[in-house]
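Step one of this worksheet: look at the structure below.
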Amino acid sequence: MSADSVWNCYRRRGEVTAKKLSRAWRWTTPHGDQMEAQPGDWAVTDDSGNERSVAAGVFERTHEQVGPQRYRRAGTVLARTATRREVTETLEGKAVAHVGDWILRGENGEQWVVPANQFRTTYEGPLDADISQPPG
0 MSADSVWNCY
10 RRRGEVTAKK
20 LSRAWRWTTP
30 HGDQMEAQPG
40 DWAVTDDSGN
50 ERSVAAGVFE
60 RTHEQVGPQR
70 YRRAGTVLAR
80 TATRREVTET
90 LEGKAVAHVG
100 DWILRGENGE
110 QWVVPANQFR
120 TTYEGPLDAD
130 ISQPPG
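Note that numbering that gives the first Met the number 0 numbers the sequence shown so that position 9 is 8, with each residue one more than the last.
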């Protein structure tokens with residue numbers, strides 16, 4: 000098994016400001032990848048100013064409203080660090096993970112890339128023993 004196949008479970012943490020999109024929205028990841036959210040998806044900004052989109056069905060399952068346009072992140076993900084440059088198919092487009100970034104997998108198999116510094120502030124864990132292959 001290669002080092003980049005070890006997945007661990009992490010818990011989402013923190014709150015975000017979010018707004019449901021009425022039209023498509025193009026945005027850029029910290030590494031310059033172009034992403035596109037669809038109408039009905041959510042535009043999300045965390046307390047560090049990181050912007051991203053979250054697909055409609057995913058957002059409703061993973062966020063709890065705590066105030067006007069404020070949501071608490073909830074649930075767990077599987078995650079592993081990238082040990083080499085990898086291209087990941089996300090719901091919004093292709094994202095490049097660089098060495099040290101994190102590749103995350105949600106409960107329905109959706110994947111996305113999170114820069115290392117952002118991962119440290121928005122996830123906690125690992126919560127259990129590593130898993131050689133993620134479910135899904």
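Glycine included, C-beta positions come from ideal geometry on N, C-alpha and C.
What residue from the options has the CA that sits closest to residue i's CA?
i, options, result
"residue 19", "8, 9, 40", "40"
"residue 67", "17, 107, 82", "17"
"residue 15", "54, 57, 121, 126", "121"
"residue 45", "37, 55, 13", "13"
"residue 96", "63, 43, 111, 51", "111"
"residue 87", "34, 42, 10, 75", "34"
"residue 114", "53, 69, 98", "98"
"residue 7", "117, 116, 94, 81", "81"
"residue 38", "54, 123, 59, 71", "54"
"residue 58", "126, 92, 125, 36", "36"
"residue 127", "42, 60, 75, 63", "75"
"residue 61", "32, 10, 49", "10"
"residue 101", "43, 56, 32, 117", "117"
With 16 other CB atoms within 10 Å as the buried threshold, where does residue i fall?
i, result
"residue 103", "buried"
"residue 30", "exposed"
"residue 90", "buried"
"residue 132", "Here the model assigns residue 132 a pLDDT of 49, short of 50, so the residue's position is not dependable, and the following value carries that caveat. Residue 132 should be labelled exposed."
"residue 134", "Reliability of the predicted coordinates at residue 134 is poor, the pLDDT of 48 falling under 50, and the value obtained from them is presented with this limitation in mind. Classification for residue 134: exposed."
Could you please give the first and the last residue of the uninterrupted beta strand (DSSP E) stretch that includes residue i?
i, result
"residue 53", "50–53"
"residue 94", "93–96"
"residue 110", "110–113"
"residue 7", "7–11"
"residue 66", "62–66"
How about residue i: is its C-beta nearer than 8 angstroms to some C-beta of chain C?
i, result
"residue 109", "Protein chain content of the structure displayed is limited to a single chain, and chain C is not contained in it."
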